[in-house]
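A.B. asks: This is the structure I want to talk about, given as structure tokens.
Chains as they are written, first to last, in the working numbering: chain A, 3 to 301; chain B, 13 to 396.
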């Protein structure tokens, strides 16, 4: 493999991995706080792509505004899911909330089939021409999007980490992740903080959804399933509960997926299987994941 | 334990009640009508193709609502692009609706799932655009108006060799569908047999949306043509990513990409893309009488849509069943089966159709190309 080709693969992997990472953060934050694996997260991601598409095509919002509306709308959607499907089950056994999550996932997918039909739609309207035109650097071809996606993702994660460690709500989140009852006794509005967690996780999924839609411009009601699984694996790999870990896990998964194809082209059909093998290995060797060693400090 | 027993009792009572309430139905319920069942993917991943074919079936039904002096009743069920649902759909058509014959379906995997059920119950089934050889293999009651993948894969290869002057080719295959794997291997067989060389063969799985790794690898091998026997949505994204990565080679696909939506999703990236499909297009230069008549009556029924090859397949599948009923002089499933097996030179919209020993249609293959954002009928190919 030539060096140029390797660089090309690195760019491919960076975009894919950082998108996995952004979605993974939603899993990790909710898990960190509620010990709940929000299986509907991949579908929240899917819904965001439809929101941005409709913002642009139906309501003719300018691009920037459409992005803001999408992130806000998806955040709200996440909060509503928590309010309806998870909050009533807060004191129930953890398995109940998990089953509820799976139910919500199926429900969202099927409602979307009814509303938007199963026919894939083009995200062309949302793609900004400046971002998708190909630039040639020797034998490497990249689109500005391939740089925009990772940069944007890192900025969002940096912002989130700042929020977690430097602001009051961030402190409250970290406190809840340690001991929800004591935090409640300390006078923190636990439910509002949990709602905020869902809002942030879903908002980041929306950011990922918009960029995903620009990079892979075809959306359908089941598009969230595979990225959802992959992001979940990334979250576990990075140490579920850790934001940095989720991002790192996403990037590693992206690299593994791309490099498997790059170095072993004949195995390219099994690349999804490798993701799951990775998950199993991590669970064997290091059940708490890369960044998840201290069990007391989640999120 | 007690609660579980109560729950069980409630479930049993509900089901028992449902059986008691259910009106008695039987084949004798309405002997004056002939029922033709249709199972197609109206929702799910294959919804676009299924919907187009259903339009064709409906048009054929509008034209022929009676046969042998009896009314025909069309029963349409959705197989949801899902193998299990397809089997259930056929089960429902046979046991609940008591159909005499079945039209369907788009998608070879779905046709195989449904065909097994039809075979067990002895109801003839005519596939629309399912092209995998396995669909009819070893089956008495499964037929189709489509040509099969060996034929289509060879046709694509013939076109690549003759028209695109390709010496080297790469394949990008969806490993989870019989359609894609089959088509690619038949393409490869024909291409290598005729002096071409396959320089790269890469795979992906359904649901994948990132093909950059595979495409980077393929681009580095610099083939003359890339063969992608993919579904239209994946094909569109593959083309987009290929062009974004700077790919210059020709791209060639199969009939699953015969869908107007592909231009919307792939945009400029699909310019010059060619694919094998059934030999009908509303804009084809030379039309025979059947094709002219079909195009005319389509325009009357569907004012805002253009006809296409998939709709023509649906139309042909229904028409060939009615033709068999006429020739058999009976709507008994057994008699329809016998007549269908003897179909010779039936004037279908997608070409003159002869059902061969394996119950597959023998007909020419059409090549379509996307030129200036529009699908254009390019030429008819007969693979050698």
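Glycine residues also receive a C-beta, built at the ideal position from the N, C-alpha and C atoms.
#1: Leaving out the 5 sequence neighbours to the left and right, which residues in its chain are closer than 7 Å to residue 303 of chain B when beta-carbon positions are compared?
#2: Suppose you measure from the CA of residue 37 of chain B to the CA of residue 89 of chain B; what does that come to, to the nearest Å?
#3: If the cut is a Cβ gap below 9 Å, which residues of chain B does residue 26 of chain A touch?
#4: Which stretch, first to last residue, makes up the beta strand (DSSP E) that contains residue 180 of chain B?
#5: Any idea which residues DSSP pairs residue 359 of chain B with across the strands?
#6: With DSSP as the reference, identify every bridge partner of residue 49 of chain B, one or two as the case may be.
#7: Taking Cβ-Cβ distances shorter than 8 Å, what residues in chain B pair up with residue 126 of chain A?
#8: From the DSSP output, read off the bridge partner residues of residue 380 of chain B.
#9: Counting beta carbon pairs with one atom in the stretch 192–203 of chain A and one in the stretch 215–227 of chain A, are three or more of them shorter than 8 Å?
#10: Please say whether residue 167 of chain B and residue 153 of chain B have beta carbons closer to each other than 8 Å?
#11: Indicate the three-state DSSP secondary structure (helix, strand or coil) for residue 244 of chain A in the structure shown.
#12: Within its chain, find whatever has a CB closer than 8 Å to the CB of residue 275 of chain B; leave out the 5 residues flanking it on each side and keep chain order.
#13: To the nearest angstrom, report how far apart residue 18 of chain B and residue 97 of chain A are at their CA atoms.
#14: Give the residues of chain B in contact with residue 138 of chain A, contact being defined as C-beta atoms less than 9 Å apart.
#15: Between which two residues does the alpha helix (DSSP H) containing residue 155 of chain B stretch?
#16: Quick check: is the beta carbon of residue 130 of chain A nearer than 8 Å to any beta carbon in chain B?
#17: Between the stretch 219–236 of chain B and chain A, which residues of the former have CB atoms less than 8 Å from a CB of the latter, in chain order?
#18: Between residue 14 of chain A and the rest of its own chain, which residues show a CB-CB distance below 7 Å, the 5 nearest in sequence each way excluded?
#19: Against chain B, with Cβ distances strictly below 8 Å, would residue 270 of chain A count as a contact?
#20: Short check: CB of residue 120 of chain A to CB of residue 59 of chain B, under 8 Å?
#21: Would you mind giving the Cβ-Cβ distance between residue 187 of chain B and residue 215 of chain B, rounded to the nearest angstrom? I have them listed as a contact below 8 Å.
#22: For the 8 Å Cβ check, are there 3 or more pairs between the stretch 107–125 of chain A and the stretch 182–202 of chain A?
#23: Buried or exposed for residue 267 of chain B, please, with buried defined as at least 16 other CB atoms from any protein chain shown within 10 angstroms of its CB.
#24: Is there a Cβ from chain A that is less than 8 Å from the Cβ of residue 98 of chain B?
#25: Using a Cβ cut-off of 8 Å, which residues of the stretch 55–78 of chain A contact any Cβ in chain B, in chain order?
#26: Taking residue 165 of chain B as part of the alpha helix (DSSP H), name the residues at either end of that continuous run.
#27: Does any CB atom of chain A fall closer than 8 Å to the CB of residue 64 of chain B?
#28: Taking buried to mean at least 16 other C-beta atoms within 10 Å of its own C-beta, is residue 163 of chain B buried or exposed?
#29: Kindly indicate which residue of A:81, A:159, A:129 and A:103 has the alpha-carbon position closest to the one of residue 22 of chain A.
#30: Can you tell me where the beta strand (DSSP E) holding residue 216 of chain B begins and where it ends?
#31: Can you tell which of B:218, B:192, B:179 and B:243 has the C-alpha that lies nearest to the C-alpha of residue 233 of chain B?
#32: Can you list, in chain order, the residues of its chain whose CB lies under 7 Å from that of residue 94 of chain B, leaving out five sequence neighbours each side?
#33: By Cβ distance below 7 Å, which residues in the same chain neighbour residue 213 of chain A in space, the five residues on each side in sequence not counted?
#34: Determine the closest residue to residue 69 of chain B out of B:87, B:348 and B:130, with distance taken between C-alpha atoms.
#35: Note down, in chain order, each residue of its chain lying with its Cβ closer than 6 Å to the Cβ of residue 35 of chain B, except the 5 sequence neighbours on either side.
C.D. replies: Judging by the given coordinates:
#1: For residue 303 of chain B, where only same-chain residues beyond five positions count, the Cβ hits under 7 Å are 292 and 361.
#2: Confidence at residue 37 of chain B is low in this model, with a pLDDT of 45, below 50, so the placement of that residue is unreliable and no value is reported for it.
#3: What residue 26 of chain A touches in chain B: nothing, since even the nearest Cβ is about 16 Å away.
#4: 180–186
#5: B:364, per the DSSP bridge assignment.
#6: B:87 and B:114
#7: 276, 277 and 279
#8: B:287 and B:389
#9: no
#10: no
#11: coil
#12: 282, 382, 385, 386 and 387
#13: Roughly 23 Å between the two C-alpha positions.
#14: 258
#15: No alpha helix (DSSP H) contains residue 155 of chain B, which is instead part of the beta strand (DSSP E) from 154–156.
#16: no
#17: Listed by position along the chain: 219, 220, 221, 222, 224, 225, 226, 228, 229 and 232.
#18: 260
#19: yes
#20: yes
#21: Sure, about 4 Å apart at Cβ, within 8 Å.
#22: no
#23: By the neighbour-count definition (other C-beta atoms within 10 Å, threshold 16), residue 267 of chain B is a buried residue.
#24: no
#25: Taking 8 Å as the Cβ-Cβ cut-off against chain B, none of the residues of the stretch 55–78 of chain A qualify.
#26: 161–174
#27: By this cut-off, residue 64 of chain B is not an interface position.
#28: buried
#29: If we check each option's Cα against that of residue 22 of chain A, A:159 comes out closest.
#30: Boundaries of the beta strand (DSSP E) harbouring residue 216 of chain B: 209–216, taken from the DSSP string.
#31: B:179
#32: Excluding sequence positions up to five before and after residue 94 of chain B, its CB lies within less than 7 Å of the CB of 56, all in the same chain and listed in chain order.
#33: Result list for residue 213 of chain A: 21, 151 and 154, in chain order.
#34: B:87
#35: Note on residue 35 of chain B: pLDDT 49, under 50, position unreliable in the model; no value is reported.
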